[in-house]
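One structure is given below, encoded as structure tokens.
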Amino acid sequence: MSRSIKSVAVAALAAAALTVVPLTSQAATLAEAPSSDVSILAAGDGTPSGAVAWFKARIGSTAYQGYCEKAVENAYGTTGVWASANAHWNGASPKHAGDRNPPLGAFVYWNIASPYGHVGISDGAGGFYATSVGGKIGHVTKAQGGYSYYSNYRGWTPAAVPHR
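Numbering (mature numbering (1 follows the signal peptide of the UniProt record, and there is no 0)), first residue to last: -27 to -1, 1 to 137.
Have a look at this one:
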């Protein structure tokens, strides 16, 4: 099924669902859940500026809490490439370990106290967009601590649609 036909079909299903389930806060939360075709259709366009725009459009959302890798992949228009931020860091190249000057849209990584690690998208100005910023998708500027916001900054890998 082509992407445009699939978009129309998903929109029609969403409209039909709203006639059955009124748009309550619970229905709104379900509408932004990350594990459906809807999130893939709402994914970024595969460019660094598109990835940043994807995050900006979701500032304040809690839909991706615990799914940072899924969020950065969706921001680039894909999903299901890497199992975790640690797997992404280990498999991506070239790595710029410790470098705090990543370009716009680059993947930035932390080795946090979790078996999965953490990943976000660089804003190109010393800050980043990520999940788990105050419990939601957010933007941390250089003035707010930049890459020191989380402990154990690893570095960055180039902005690109994730692939193995």
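Glycine included, each C-beta is placed from N, C-alpha and C at the ideal position.
If you're wondering where the values come from, they're calculated on a predicted model, not measured in any experiment.
Using the C-alpha atoms, what's the distance from residue j back to residue i?
i: V134; j: A98; result: 21 Å
i: T35; j: C41; result: 11 Å
i: Y89; j: Y82; result: 11 Å
i: K43; j: Y37; result: 8 Å
i: G107; j: Y122; result: 11 Å
i: G111; j: G23; result: 16 Å
i: W27; j: N59; result: 22 Å
i: W62; j: A116; result: 26 Å
i: K29; j: T20; result: 14 Å
i: D18; j: W55; result: 19 Å
i: G71; j: S57; result: 20 Å
Exposed or buried, which one is residue i when buried takes at least 16 other CB atoms within 10 Å?
i: R31; result: buried
i: S105; result: buried
i: T114; result: exposed
i: N47; result: buried
i: H136; result: exposed
Taking residue i as the reference, give the member of the options with the closest Cα.
i: G119; options: F101, G108 and K109; result: F101
i: S87; options: N125, P76, A70 and P75; result: N125
i: N74; options: A103, I85 and I94; result: I94
i: A103; options: G17, V25 and P76; result: V25
i: A65; options: P76, F80, T51 and G39; result: F80
Less than 8 Å between the CB atoms is what I'm expecting for residue i and residue j, so what's the real figure, rounded?
i: A132; j: G78; result: 3 Å
i: H69; j: G128; result: 5 Å
i: P67; j: T130; result: 7 Å
*What residue ranges within the segment 32 to 118 form continuous alpha helix (DSSP H) runs of no fewer than 4 residues, ordered along the chain?*
Taken in chain order, the complete alpha helix (DSSP H) segments of 4 residues or longer contained in the segment 32 to 118 are 41 to 48 and 58 to 64.
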